[in-house]
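Numbering (our numbering), first residue to last: 11 to 80.
Input: a single structure, listed below in structure tokens.
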Amino acid sequence: MFLSPLRVQVDFDRCEGHGLCTGAAPEIFELDDSGKLHVLQEIVPVGQELHAKEAVRVCPVVALRTTTSP
């Protein structure tokens, strides 16, 4: 698997577990049974960049962001 220079970051203090990010990017985000968000891949796999950006866009509490790897 090749990795892109894109990373996802979560502000867990803001995250309320709505789960919209898991629908937009299920390869990257997952909610556990208690509604807690887990980042499956902090460095976004090649081909998943648009999904990661969509997850950021749909987050209703602005708890997600993307950055580029150094």
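The beta-carbon is built from N, C-alpha and C at its ideal position, and this holds for glycine as well.
DSSP-derived helix/strand/coil call for GLU37 = coil
ask   = Whose C-beta lies closer than 7 Å to the C-beta of THR7 among residues of the same chain, with five residues either side of it excluded?
value = Here the chain covers residues 11 to 80 and nothing more, so residue 7 does not appear.
key: Inter-residue CB distance, GLY27 and LEU50 (contact presumed, cutoff 8 Å)   = About 16 Å; that fails the 8 Å criterion.
task = Could you tell me the boundaries of the alpha helix (DSSP H) in which GLY60 lies?
result = Here residue 60 is Leu; the residue named in the question, Gly, does not match the sequence. Under the DSSP assignment, LEU60 falls in the alpha helix (DSSP H) whose first and last residues are 59-68.
inquiry  = Please report the straight-line C-alpha distance between THR56 and ARG67, rounded to a whole angstrom.
reply    = Note that residue 56 is Val in the sequence shown here, rather than Thr. Roughly 19 Å separates the two Cα atoms.
Pair within 9 Å by beta-carbon distance, ASP21 and VAL54 = no
key: With 16 other Cβ atoms within 10 Å as the buried cut-off, status of GLN19   = By the neighbour-count definition (other C-beta atoms within 10 Å, threshold 16), GLN19 is an exposed residue.
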